[in-house]
Amino acid sequence: MEKNFDFNQVGKRMPYFTPDDFFAKMQSNILDAVQDMPQKNTEIKTNRRTVRKWLWPVSLSAAAAVAAMFAINIHFLAPNTPTASSDIQDVEQAFAQLSEGDQAYILDVYQDDVFINN
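If you read the sequence shown in this note's numbering, its first letter stands for residue 30, the second for the next number, and so on.
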């Protein structure tokens, strides 16, 4: 086989041909054919099926949004229970049950803690 194959030596034949002025006349031929055709009424009519098609998803998403807003309002408007004060009371009670040495050690560690004191 030849290593240096030249594509320019291969003959190129076109399988079809058009007249010389074919593309120049195409636009005028199409416009002439369209002008002779009667115009149709272009009013847009709504179909009940298309209305039903988008009505269900829209109404369901609106209902879901209302339900989500209702659930969020119930969560934020609920009376706050004093959980923070009860947690502090639990810690104080546990601290009181420790021995004096353990209490002194915990106080010493907390006073030297960089993150708590800053």
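Just so you know, even glycine gets a beta-carbon here, dropped at the ideal spot from N, CA and C.
Proximity of residue i and residue j at Cβ, strictly below 8 Å
i       : j       : result
Phe-153 : Gln-118 : Residue 153 is absent from the structure shown; the chain starts at 30 and stops at 147.
Sequence-distant residues of the same chain with beta carbon closer than 8 Å to residue i, five excluded per side
i       : result
Leu-127 : Ile-135
Gln-56  : none
Ile-145 : Tyr-139
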